[in-house]
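For reference, the structure discussed in these notes is given below.
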Ligand code: FES
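This is the structure we're talking about:
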């Protein structure tokens, strides 16, 4: 669904894995951007109905971009930068992520 | 505990301007910001864009370049800048807690400036939770910070200057939108005309807006005006935007659909510390009550920029400087005469920026179907609560947002009501026939962002350890 602009020049390629599939990203990319450019579809499914969700705000507000990074759930993909070797998975359903009521 | 004269939250135009002003008087300033680079959302990644993407930097124009000057001033200053810091608590006695590199830390400040900017107004329409539906702000961030544009032309839908700005930026980046679907009612232009004489004092912004419209028209971007009944269609992701236009139903296919109904102040922090807020009926949002020096109703807490009411990047900068002068004065670093002398030109510039707001507010008033969505539309995305269920709760006697929260769990998910708060307030107000001012908003409690338990536990240890 996204592509780079023609003048996008970034330092060295970084490789990460999404659901086990290798993805090449660029240093400085947000994890959300790296996944959006690969067209991965849903980032997470909701705890209530299992509906698919993906980034909405890109600024840390909506929490629709939650993924599991290196086994740690509840990571906001729009607030995390890509690191070489990152293992990323979709966050499925509940993961003990509540607000504070 | 770590301490400072002034703690600033947010490194956008307001925070950067205040930091430079106060640090210039010799006081200690800590600048906390969530992002890795200064600029806030409006000047997001400005240093990288300037350095690595001259073409983009060029077409973003002088408005964006202003951010590069602010960032440069920060780099050469004595400000203790701490990027990657997520502030999750501010107490009325001016102690901040923030998370950085997976650790929570405390900071005691003599003054706190909240410069946490704006959020996109939530746009609850059918299908707005589908992957591929994003805010105009989100798409601008992807363009600025990550150099991404839609592969297939996007549909841009809603109302407001930012919608047109994104359309122009996409055009210049070689990714023109497939259509602009504007929800501004056709008679809004006539109805808002009475604000025009005052708005002319801010003629530069008006000319800029006209320039954008011409550029889009020249490029032949289809522009549907006065649209209603917006609905995103799709199964597992967005496939098209459907809407009513000129008495007929239209459908435009796209896998990226941008929604926008203006921006609203991010009041999580000011509500958390207990600042008084007023309902702004023009901008349909709550804003903290501030005096002429940007001081809130809580001693030592100041607010500058869009977080205090939407006025744009330039106004944010002037407000940041004004607050900075006042704070420097209170710290004994600037006498009253100097403060007032330096403030005078800032006040003139600020008044010019504010002159166009009434016109913009009237013209781009959020559409009624977004303020009070139909029963089947999800308003709380986290807990998947529909507008109909909020209305039903009101009929069952639920008087306000906090009761709705315990009834329905709306506002209880990880976003803590940031994306449903205003909508829930509007719906309850409408159902009860009251003004939103009387309905109020969700109570905010720390932590402002969900924290791993381990981090909180480590903080307790630190508090108990001898200093
Ligand atoms: S996309 Fe909204 S929090 Fe990440």
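Chains as they are written, first to last, in our numbering: chain P, 21 to 121; chain W, 24 to 490. Glycine residues also receive a C-beta, built at the ideal position from the N, C-alpha and C atoms.
Residues passing the C-beta test against ligand 3 heavy atoms, cut-off 7 Å = Within the structure as shown, ligand 3 is missing, the only ligands being ligand 1.
Have a look at W/367, W/266, W/337, W/317 and flag the residue whose alpha-carbon is nearest the alpha-carbon of residue 501 of chain W.
-> What is shown of chain W runs 24 to 490, which leaves residue 501 of chain W out entirely.
Does the region 48-67 of chain W come within contact of the region 26-36 of chain W, defined as at least 3 CB pairs closer than 8 Å?
-> A contact exists between the region 48-67 of chain W and the region 26-36 of chain W.
Got a sec: which bits of the region 57-71 of chain P sit with their beta carbon under 7 Å from any beta carbon on chain W, in order along the chain?
-> Taking 7 Å as the Cβ-Cβ cut-off, the region 57-71 of chain P approaches chain W at 57, 61, 62, 66, 68, 69, 71, given in chain order.
Taking residue 385 of chain W as the reference, give the member of W/301, W/155, W/221 with the closest Cα.
-> The residue you call residue 385 of chain W lines up with position 362 of the second chain. Selected option, being the one with the closest Cα: W/221.
Tell me whether residue 37 of chain P is buried or exposed, calling it buried when 16 or more other Cβ atoms sit within 10 Å of its Cβ.
-> The count along the first chain starts at 1 and reaches residue 37 of chain P at position 17. Residue 37 of chain P comes out exposed.
Helix, strand or coil: how does DSSP classify residue 141 of chain W here?
-> The sequence position of residue 141 of chain W within the second chain is 118, counting from 1. Residue 141 of chain W falls in the strand class under three-state DSSP.
Going by Cα to Cα distance, which pick from W/186, W/363, W/345 is closest to residue 199 of chain W?
-> Reading the second chain from its first residue, position 176 is the one you call residue 199 of chain W. Out of W/186, W/363, W/345, the CA that lies nearest to the CA of residue 199 of chain W is found in W/186.
Nearest to residue 299 of chain W by alpha carbon, out of W/80, W/38, W/68, W/115?
-> On the second chain, position 276 is the one that residue 299 of chain W refers to. Residue W/115 is the option with its Cα nearest to residue 299 of chain W.
With 16 other Cβ atoms within 10 Å as the buried cut-off, status of residue 490 of chain W | Locating residue 490 of chain W in the second chain gives position 467, counting from the first residue. Confidence in residue 490 of chain W is poor, its pLDDT being 38 and thus under 50, which makes the residue's placement unreliable; the coordinate value appears in the next sentence. Exposed is the call here.
Give a yes or no on whether the C-beta atoms belonging to residue 125 of chain W and residue 59 of chain W are separated by under 7 Å.
-> To locate residue 125 of chain W, count along the second chain from 1; it is residue 102. To locate residue 59 of chain W, count along the second chain from 1; it is residue 36. In this structure, the beta-carbon distance from residue 125 of chain W to residue 59 of chain W does not fall below 7 Å.
May I ask you to report which of helix, strand or coil DSSP gives residue 381 of chain W?
-> What you label residue 381 of chain W is simply residue 358 of the second chain in a count that begins at 1. For residue 381 of chain W, the secondary structure class from DSSP, reduced to helix, strand or coil, is helix.
Hey, would you say residue 154 of chain W sits closer than 7 Å to residue 260 of chain W, going by beta carbons?
-> Position 131 of the second chain holds residue 154 of chain W. Position 237 of the second chain holds residue 260 of chain W. Yes, Cβ-Cβ distance for residue 154 of chain W and residue 260 of chain W is below 7 Å.
Using the Cα positions of residue 120 of chain W and residue 159 of chain W, report the straight-line distance between them to the nearest angstrom.
-> Taking the first residue of the second chain as position 1, residue 120 of chain W is located at position 97. Taking the first residue of the second chain as position 1, residue 159 of chain W is located at position 136. Per the coordinates, the alpha-carbon of residue 120 of chain W lies some 31 Å from the alpha-carbon of residue 159 of chain W.
If you drop the 5 nearest sequence neighbours on each side, which residues of the same chain put their C-beta closer than 6 Å to that of residue 343 of chain W?
-> Mapped onto the second chain, residue 343 of chain W falls at position 320. Once the five neighbours on either side are set aside, the close Cβ partners of residue 343 of chain W are 37, 40, 41, 327.
Any idea what DSSP makes of residue 392 of chain W, helix, strand or coil?
-> For the purposes of this step, residue 392 of chain W is taken as the residue at position 369 of the second chain. In the structure shown, residue 392 of chain W falls within a helical segment according to DSSP collapsed to helix, strand and coil.
Whole-number beta carbon distance between residue 244 of chain W and residue 190 of chain W, since they are thought to touch under 8 Å = Here the question's residue 190 of chain W lines up with position 167 in the second chain. Here the question's residue 244 of chain W lines up with position 221 in the second chain. About 6 Å separates the beta carbon of residue 190 of chain W from that of residue 244 of chain W, a gap short enough to meet the 8 Å contact definition.
Could you check the C-alpha separation between residue 488 of chain W and residue 24 of chain W for me, to the nearest Å?
-> Counting from one through the second chain, the residue named residue 488 of chain W turns up at place 465. Counting from one through the second chain, the residue named residue 24 of chain W turns up at place 1. Per-residue confidence for residue 488 of chain W stands at a pLDDT of 45, beneath the threshold of 50, marking its modelled position as unreliable; the derived number appears in the next sentence. Spanning the two alpha carbons is a distance of roughly 11 Å.
Report the neighbours of residue 78 of chain W on chain P: residues whose CB is nearer than 9 Å to its CB, in chain order.
-> Looking up residue 78 of chain W in the second chain gives position 55. Those are 25, 26, 27, listed as they occur along chain P.
Which one or two residues does DSSP pair with residue 100 of chain W in a beta bridge?
-> Against the second chain, residue 100 of chain W aligns to sequence position 77. Assignment of beta-bridge partners to residue 100 of chain W by DSSP yields no partner.
Quick one: Cα of residue 67 of chain W to Cα of residue 93 of chain W, how far?
-> To locate residue 67 of chain W, count along the second chain from 1; it is residue 44. To locate residue 93 of chain W, count along the second chain from 1; it is residue 70. About 12 Å.
Grouping DSSP H, G and I as helix and E and B as strand, with all else coil, what is residue 36 of chain W?
-> Residue mapping note: residue 36 of chain W aligns to position 13 of the second chain, counting from 1. Helix at residue 36 of chain W.
How would you list, in chain order, the residues of chain W whose beta-carbon sits under 7 Å from the beta-carbon of residue 53 of chain P?
-> The count along the first chain starts at 1 and reaches residue 53 of chain P at position 33. Simply 165, 169, 171.
For residue 26 of chain P, does the three-state DSSP call read helix, strand or coil?
-> Locating residue 26 of chain P in the first chain gives position 6, where the first residue counts as 1. In this structure, residue 26 of chain P counts as coil in the three-state DSSP scheme.
Proximal residues of chain P, C-beta to C-beta of residue 398 of chain W below 7 Å | Within the second chain, numbered from 1, the residue matching residue 398 of chain W stands at position 375. Those do not exist, as residue 398 of chain W stays about 17 Å from chain P at its closest Cβ, beyond 7 Å.
Can you grab the Cα-Cα spacing for the pair residue 312 of chain W / residue 320 of chain W, in whole Å?
-> As a working mapping, residue 312 of chain W is identified with position 289 in the second chain. As a working mapping, residue 320 of chain W is identified with position 297 in the second chain. Rounded to the nearest angstrom, the two C-alpha atoms are 7 Å apart.
Scan the region 398-450 of chain W and note each continuous alpha helix (DSSP H) run of 4 residues or more that stays entirely inside, going in chain order.
-> Runs of the alpha helix (DSSP H) inside the region 398-450 of chain W: 410-418, 424-431.
For chain P, find out if any of its Cβ atoms is closer than 7 Å to the Cβ of residue 41 of chain W; answer yes or no.
-> If you number the second chain from 1, residue 41 of chain W lands on position 18. No, because no Cβ of chain P sits closer than 7 Å to the Cβ of residue 41 of chain W.
So the beta strand (DSSP E) residue 157 of chain W belongs to, where does it begin and stop?
-> For this step, residue 157 of chain W is matched to residue 134 along the second chain. Per DSSP, the continuous beta strand (DSSP E) segment holding residue 157 of chain W begins and ends at 156-158.
What number of angstroms, rounded off, separates the C-alpha of residue 42 of chain P from the C-alpha of residue 99 of chain P?
-> Against the first chain, residue 42 of chain P aligns to sequence position 22. Against the first chain, residue 99 of chain P aligns to sequence position 79. Answer to the nearest angstrom: the Cα atoms are 21 Å apart.
Check whether residue 286 of chain W and residue 86 of chain W have beta carbons under 7 Å apart = Here residue 286 of chain W is taken as the residue at index 263 of the second chain, counted from 1. Here residue 86 of chain W is taken as the residue at index 63 of the second chain, counted from 1. Taking a C-beta distance under 7 Å as the contact criterion, residue 286 of chain W and residue 86 of chain W do not qualify as a contact pair.
To which residues of the same chain is residue 408 of chain W closer than 8 Å at the C-beta, ignoring the five residues directly before and after it?
-> Along the second chain, read from residue 1 onward, the residue named residue 408 of chain W stands at position 385. Taken in chain order, the residues that qualify are 401, 402, 431, 432, 433, 443.
Option nearest residue 135 of chain W by Cα separation, candidates W/353, W/425, W/451, W/204 | As a working note, residue 135 of chain W is residue 112 in the second chain. For residue 135 of chain W, the nearest C-alpha among the options comes from W/353.
Between residue 260 of chain W and chain P, is there a C-beta pair that is closer than 7 Å?
-> The sequence position of residue 260 of chain W within the second chain is 237, counting from 1. Interface annotation, residue 260 of chain W: in contact with chain P, CB-CB separation under 7 Å.
Listed from N- to C-terminal order along the chain, which residues in the region 262-285 of chain W have their beta-carbon within a distance smaller than 7 Å of any beta-carbon of chain P?
-> From the region 262-285 of chain W, only 278, 279 have a Cβ closer than 7 Å to chain P.
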